[in-house]
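849 is the number that this note's numbering gives the last residue of the sequence shown; the numbers go up by one with no jumps. Ideal Cβ positions, reconstructed from N, Cα and C, are used throughout, including at glycine. Computed from a prediction, not measured in an experiment: that's the story for all the values here. So the structure is just underneath, and the comments pick up after that.
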Amino acid sequence: MLFRRVVLIACFAAAVVLAVSKYRPVSVCAGEIPPVSPEELKMTSEPLAPGAPAIILYRQVDRDDNGHTSHEDNYVRIKILTEEGRKYGDVEIPFIKGGNDVVHLRAHTIRPDGSAAEFDGKVFEKSIVKARGLKYLAKTFTLPDVQVGSIIEYSYTYDFKEYALYSSNWILSQELFTRAAKFSLKPYVGSFQNPFTVRWRPYLPPGTNPPQEGAADHIIRLEAHNIAAFQVEDFMPPENELKARVDFVYSDEPFEKDVDKYWKKVGKKLNGQVDGFVDKRKAMEEAVGQIVSPNDPPEVKLRKIYDRVQQLRNTSYELEKTEQEQKREKEKAPVNAEEVWKRGYGSGNDLTWLYLGLVRAAGFEAYGVYVSDRRNYFFSAQSMDRNKLDSNVVLVKLNGKDLYFDPGAACTPFGLLEWSETGVTGLRLDKEGGSWIQSTLPQSSESKIERKAKLNLSETGDLEGKLTVTYTGLEGMNRRVEKLHSDEADRKKYLEDEVKEYVPVAAEVDLTNQPDWKSSSQPLVAEFNVKIPGWVSGAGRRALLPVGLFSAPEKHIFEHTNRVHPIYFEFPLEKVDDITIDLPLGWQVQSLPAPQNQDGHVVAYNLKAEKDVNSLHLTRKVTVDFLMIDAKYYLALRNFFQVVRTGDEEQIVLQPGTASASN
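Structure representation (structure tokens):
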């Protein structure tokens, strides 16, 4: 039985409706769907969700894992209450390419007068998220004739990959208030020779009874009512981690009640699997001899081996092949590190374990580590869910320090991990069952956006000149991965659009170089010609030049007065600006804003404007040096960014040449 961890992205998902005879929906769900009531048709508001643009009247999720192919039937009914609520007629159903598919999609709209408009349009597919080894997509469609007062219903089935057992998660919290929801799971039980068990960990709203297993049919069921709308905020932890939910864990072994004993057993098993994969000493030593020189210093050896592994073909990041292409190539998963090396390709996980085998053969003390990817959830050992340790990295001990490496993560610089593997709990493997570690969190200075500009100010107030943007560390890696399979035209537009987003006003931007998109060892450097019309305003004897040229991203950050969730950044970072502006002949600087030097310990802001004979020099730096802080510190953080906005809006007062001459 193949195990894979798949997080089904939260969606108020859906089962379907074909006909509306007496408002009774026809759905793919196994259980009975209650008919639409006259009260639901007439309602104009929800007292428990005042001002809501729409509410979910009813949801149902029925999962059946007891077969060759698991499937999950989903149904949703939404009442449209305001004009703004009509947007919920545009539906997105997330799925994971190669892991599950969306089938049996049906939908319709019940108009306020009770008549129905069936959906018979096109269903589109779009990419919404990309992650290592997984492609997150969504089926999208638009329901017909959605009006204020309408009820929309839709349903579909998630069809999972054959002979695979996926983690199951009931997500109760949705973007909209939910009046009622039902969930069921018919768990996989395995065979007499290989039985499976399932247990669950609920995170439920107050007043909601925990799931119960039927004594006769062994189906696990849950009913919930009046579930508050989930509040989405900028810079918050993963949504699924914060939402009311029930997480299920399968095991082909009896569950161990003692947490430490459970993880010792898991650690020994995983260590045996990893050692079996990498323990090809002779082949690894021969490979190392081709990569490094005996006289190379230790860190040089580690880097050379790292670079060589990253040069191998990484199948986790390839565009999906057709079934015919896969059959032609007859690609089978390698059984050990020697096979990965000889073939010259492997999955991201295979390449990382190959690196482990190679550095051990080079004489380093190195360990395999399974860490928890914090992209969708945060890990807790108490959950006793091995599938939440879903990424692998290599720990190397050098000069008394623990160094972490993941060459299987595309475009990851030497000495760094991809952001979702940083600052997380991991299980370091050994024969005794392993021990818990915390992966390193990079310093803010290791992931920077540096913008260096040499500009000329025209008599009419336009700025024009050269701009170089350098993305280092995780800033460079993220952009390289995002555009891994894009063509040059798309990459060019992507970088130009990002520069336009930096500037608070309309700007003309043209990429002039060809950045190195393939390297992980060098920063991503982009050079531009830029023109910013009308940056300087004023008339007569004075002209005003704002100092925050690239300040737009901070202009609307943390504007809301209140905060519900913790504040969470993917990784610590810095933004550094160095701008020189040559003034027109005869122009003079009348006044400069006072320097800013705000140090909030985990955040910092520095701004300085200086003048020369015929030019201005502006330097600006914003530092975010934390991963997550509690919501109780939000007010202090909000006040800090208000200082940033105020500082960026300061003006340099200039005296144009004509005014100077008249004086």
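Suppose you measure from the CA of residue i to the CA of residue j; what does that come to, to the nearest Å?
i, j, result
"Tyr563", "Glu427", "5 Å"
"Tyr352", "Gly554", "24 Å"
"His404", "Val610", "36 Å"
"Asn500", "Asp576", "18 Å"
"Asp811", "Gly612", "22 Å"
"Arg831", "Leu710", "28 Å"
"Tyr209", "Gly662", "At Tyr209, the pLDDT of 45 sits below 50, so the modelled position is not reliable; the number obtained from the coordinates is stated separately. Their Cα atoms are separated by approximately 54 Å."
"Tyr503", "Gly532", "10 Å"
"Pro373", "Pro484", "51 Å"
"Ile491", "Ala235", "58 Å"
"Ser707", "Thr394", "51 Å"
"Gln668", "Tyr688", "It should be noted that the sequence gives Glu, not Gln, for residue 668. About 19 Å."
"Leu603", "Asp616", "21 Å"
"Leu670", "Gln497", "14 Å"
"Pro842", "Lys794", "22 Å"
"Phe744", "Leu589", "35 Å"
"Leu697", "Glu636", "16 Å"
"Tyr754", "Val829", "20 Å"
"Pro330", "Ala596", "42 Å"
"Lys761", "Gln700", "22 Å"
"Gly647", "Leu802", "14 Å"
"Val808", "Val789", "8 Å"
"Lys455", "Gly601", "28 Å"
"Ser705", "Ile282", "28 Å"
"Gln379", "Pro440", "13 Å"
"Phe826", "Ile477", "50 Å"
Using the three-state DSSP reduction, which class does residue i fall into: helix, strand or coil?
i, result
"Phe826", "helix"
"Trp773", "coil"
"Phe714", "strand"
"Gln496", "helix"
"Gly543", "helix"
"Asp811", "coil"
"Phe463", "helix"
"Ala639", "strand"
"Val691", "coil"
"Ala430", "coil"
"Glu471", "helix"
"Ser359", "coil"
"Tyr389", "strand"
"Val667", "helix"
"Tyr374", "coil"
"Ile491", "helix"
"Gln700", "coil"
"Leu537", "helix"
"Pro484", "helix"
In its own chain, which residues sit with a C-beta less than 6 Å from the C-beta of residue i, not counting the 5 before and 5 after it?
i, result
"Arg365", "Leu243"
"Gly734", "Asp834"
"Leu653", "Ala639, Phe714 and Val716"
"Val695", "Glu682, Val685, Lys686, Phe714 and Val716"
"Ala367", "Arg245 and Ala410"
Please state whether the Cβ-Cβ distance between residue i and residue j is less than 8 Å.
i, j, result
"Val582", "Leu488", "yes"
"Pro770", "Glu684", "no"
"Pro239", "Leu267", "yes"
"Ser359", "Lys429", "yes"
"Glu431", "Trp356", "In the sequence as presented, Glu is not what sits at residue 431; that position holds Arg. Their beta carbons are under 8 Å apart, which means Arg431 touches Trp356 by this criterion."
"Asp816", "Pro752", "yes"
"Arg572", "Val464", "no"
"Met814", "Pro397", "no"
"Arg297", "Gln246", "no"
"Arg494", "Ser354", "no"
"Pro593", "Thr538", "yes"
"Asn412", "Lys347", "no"
"Leu730", "Ile765", "no"
"Ala552", "Val580", "yes"
"Tyr340", "Val277", "yes"
"Ala548", "Val474", "yes"
"Met291", "Lys312", "At residue 291 the sequence reads Leu, which differs from the Met that was named. It is not a contact, given that the beta carbons lie outside the stated cut-off."
Who are the Cβ neighbours of residue i in its own chain at under 7 Å, not counting the five residues just before and after it?
i, result
"Phe591", "Tyr492, Tyr541, Val579, Val580 and Val582"
"Val839", "Arg728, Leu730, Gln776 and Ser777"
Residues in the same chain with beta-carbon distance under 8 Å from residue i, minus the five sequence neighbours each way, listed in chain order, please.
i, result
"Ser569", "Arg387, Asp433 and Val435"
"Asn457", "Gly554, Leu615, Asp616, Lys617, Gly619 and Gly620"
"Gln417", "Val750 and His751"
Exercise. Which residue spans inside the segment 263 to 343 form an unbroken beta strand (DSSP E) run of at least 3?
Worked result: 276 to 283, 286 to 296, 302 to 304, 310 to 317 and 320 to 328
**Report entry** beta strand (DSSP E) segments (min. 3 residues) lying fully within the segment 702 to 767
**Finding:** 710 to 718, 723 to 725 and 728 to 732
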